[in-house]
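To keep things clear, I will list the structure first and then write my remarks on it.
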Amino acid sequence: MAEFKVGGLDPRATKFRNVPIAVTPEGFWCCPSQTVLQKTAKNQNQQPRPKAGASPPASKASSVQRAPTISSEKRTHSTPTRSRANSEEQRCLPVENATPNPPKVVSERPQKQHKISVGFGQIEMSDLRVVLYGKDGVAVKMSVHKNVLAENSTLFADKLSRQSPVSNIEVPDCEDVEIYVETVGLMYCNDVKQRLIKQSVPRVLRILKVAELLGFRACVLSCLNYLEAVPWAGEEEENVVSSVRHLQTEDYGVTPVLKRVCSDLTSPPNDTFVRIIELVLKSSDDRGRREMKSLVLKLLKENSSCTSNSADLCVDTLYGYCQNSLESLLTLFKQASDSDFSEQSLDLKEAVFRQITLEADNLLWLTEILAGRNAAEEFAVMWSNQRELAGLHSKLPTKSRHLVSCITARLFVAVGKGEMLPSKDTRQLLLDVWLQPLMDDYNWLQHGCRSFDRTLVEEGIGSTILTLPLEDQQTILLSWLGSFLKVGNSCPNLQKAFEVWWRRTFVRPYVEQQGNQLQSGQN
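Counted the way UniProt numbering counts, the sequence shown spans residues 1 to 523.
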């Protein structure tokens, strides 16, 4: 788009058609989108030819449409009164008819082009023609003024100063003819920023690109002021940041725009992350706390590669919160299991049970974060050593204690999915201490906990059992079998793990014995 060709235009090969152009409140011609340009040119090509001797119909190029279609990206407010007053002064210039048999011109450009004429300011005073050759065979001739272009565009000023006099400039391979014409029109405005109001962000980015190419500094600064003030996010944010960072090499002052997405701080925002965790854990509103816990987990999972550094550097802090919750949970369990607790008032008991639910839910949330960061091994050690807490588990109502079993289930899932690699002693202790409390609460978890995934939990338990020595597998699975045969689906279904253990115990020795005998016979 930056390439120019300076010289004359062949009138026989450059027959431009006049199209309906809208007059903006600023008083300059505004070019419609390329789709509208092509549709207008097609309609003009399909008009019946006048009979011999009949006078040609009057051109409607200078008339203003009451509701012109400019583009799907913006709305142009026309001013009919002003348009009529300027219809003679600001109109698209008609071009003389081409000769009947023009000579063939060899050119790389397509022979069939939609050629449109556009004028700015006082058309009769124009002293320069700029022709844009765009995609899909669209060519636009702009009647402009050298002094306006030279004053506003460093690119045009340079071209006009190198060769004088210049009456015609060609711009081949113009990427965005529509925006190019509009940007040139903005050079005739006293207040470019005002013209950008109510424009869409994508369109302003297109204008910014062309303005930078033309060296139209006032327009570039107005676009940056617009982007600094208007809301944008999501895909638009990426496009804005990419476009604005491209301007950092120039002295345009892009910092105010980029400050929306970039902080001046060079260190990772660890303190901010810790502050968020603290605020969520100490929240007094159940709904707000629940929603923010879900949101933080969602954001950590979606942006794991970007947020891993902050979360990993805060692991010690997370473990500190885990320790505090464990201590509070043990104290509350002791209080709720005390023999005198049943004699306390109903309000006091409800407050204790509500606090137990809160601490267990906080601990489950911290476990989710640690497991998602592959940093839950130390917590598995901490949890497997809570034998006293597990001993008090059966003394509390299932409704108040079931979230504790959710923590156990999440750790089994982490082992099964390979999110952590605890030692054999930790895995053994985790099963010995917490599997039975989990089985006691299993029926409640299936029917009273919406987030409980039975299939995932059973796979995690089975996988954890199968990582132990075969003798330990047998002890745990036979104990499970006794419970399963009594309560059925109210107990975890570990049949897949049982099948694996069965093959390891009864089939593999026989197969290996047969293989050894066959090998001995061959020797």
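Built from N, CA and C at the ideal position, the CB exists for glycine as well.
So residue i and residue j are supposed to be a Cβ contact under 8 Å. How far apart are they, rounded?
i: residue 367; j: residue 411; result: 7 Å
i: residue 146; j: residue 128; result: 5 Å
i: residue 389; j: residue 341; result: Rounded, the Cβ-Cβ distance is 16 Å, inconsistent with contact.
i: residue 477; j: residue 413; result: Not confirmed; about 19 Å, so no contact.
i: residue 223; j: residue 208; result: 4 Å
i: residue 140; j: residue 177; result: 6 Å
i: residue 179; j: residue 206; result: 5 Å
i: residue 138; j: residue 120; result: That pair is no contact at about 18 Å.
i: residue 468; j: residue 519; result: Actually they are not in contact, since the Cβ atoms of residue 468 and residue 519 sit about 30 Å apart, beyond 8 Å.
i: residue 149; j: residue 187; result: 7 Å
i: residue 170; j: residue 131; result: 5 Å
Spatial neighbours of residue i within its chain, please: C-beta separation below 8 Å, excluding the five flanking residues on both sides.
i: residue 474; result: 501 and 505
i: residue 274; result: 314 and 317
i: residue 337; result: 392, 395 and 396
i: residue 398; result: 440, 441 and 444
i: residue 335; result: 341 and 352
i: residue 243; result: 205, 208 and 209
What residue from the options has the CA that sits closest to residue i's CA?
i: residue 260; options: 210, 137 and 234; result: 234
i: residue 386; options: 453, 316 and 330; result: 330
i: residue 459; options: 428, 494 and 374; result: 494
i: residue 317; options: 408, 515 and 276; result: 276
i: residue 200; options: 415, 236 and 336; result: 236
i: residue 408; options: 423, 397, 421 and 384; result: 384
i: residue 174; options: 133, 424 and 453; result: 133
i: residue 321; options: 365, 142, 482 and 180; result: 365
i: residue 462; options: 449, 485 and 499; result: 499
i: residue 167; options: 142, 182 and 186; result: 142
i: residue 136; options: 118, 150 and 172; result: 172
i: residue 183; options: 381, 202 and 211; result: 211
i: residue 497; options: 464, 515, 488 and 511; result: 464
i: residue 262; options: 252, 245, 270 and 271; result: 245
i: residue 542; options: 230, 229 and 258; result: What the structure shows of the chain is the stretch from 1 to 523, and residue 542 is not part of that stretch, so it cannot be assessed.
i: residue 279; options: 486, 449 and 292; result: 292
i: residue 231; options: 470, 299 and 202; result: 202
So, is residue i buried or exposed, given that buried needs 16 or more other C-beta atoms within 10 angstroms?
i: residue 197; result: exposed
i: residue 255; result: exposed
i: residue 426; result: buried
i: residue 507; result: exposed
i: residue 524; result: The structure shown does not extend to residue 524, since the chain spans only 1 to 523, so no value can be given for it.
i: residue 289; result: buried
i: residue 347; result: exposed
i: residue 152; result: buried
i: residue 125; result: exposed
i: residue 513; result: exposed
i: residue 402; result: buried
i: residue 97; result: Only weak support exists for where residue 97 lies, its pLDDT of 36 falling under 50; the coordinates are left without a value.
i: residue 515; result: exposed
i: residue 361; result: buried
For residue i, does the three-state DSSP call read helix, strand or coil?
i: residue 170; result: strand
i: residue 133; result: strand
i: residue 115; result: strand
i: residue 396; result: coil
i: residue 143; result: strand
i: residue 421; result: coil
i: residue 403; result: helix
i: residue 69; result: Its pLDDT being 31, under 50, residue 69 is placed unreliably by the model, and the measurement read from it follows with that caveat. DSSP places residue 69 in coil when its eight states are reduced to three.
i: residue 254; result: coil
i: residue 128; result: strand
i: residue 261; result: coil
i: residue 138; result: strand
i: residue 447; result: helix
i: residue 522; result: helix
i: residue 187; result: coil
i: residue 152; result: helix
i: residue 472; result: helix
i: residue 492; result: coil
i: residue 198; result: coil
i: residue 210; result: helix
i: residue 241; result: helix
i: residue 516; result: helix
i: residue 335; result: helix
Report all residues from its chain with a CB closer than 6 Å to the CB of residue i; omit the five preceding and five following residues, and keep chain order.
i: residue 419; result: 371 and 374
i: residue 356; result: 332 and 400
i: residue 155; result: 214 and 215
i: residue 359; result: 325, 328 and 329
i: residue 480; result: 494
i: residue 422; result: 377 and 380
Can you find the residues in the same chain that come closer than 7 Å, C-beta to C-beta, to residue i, ignoring five residues on each side of it along the sequence?
i: residue 405; result: 437, 438, 441 and 445
i: residue 204; result: 196, 223, 226 and 227
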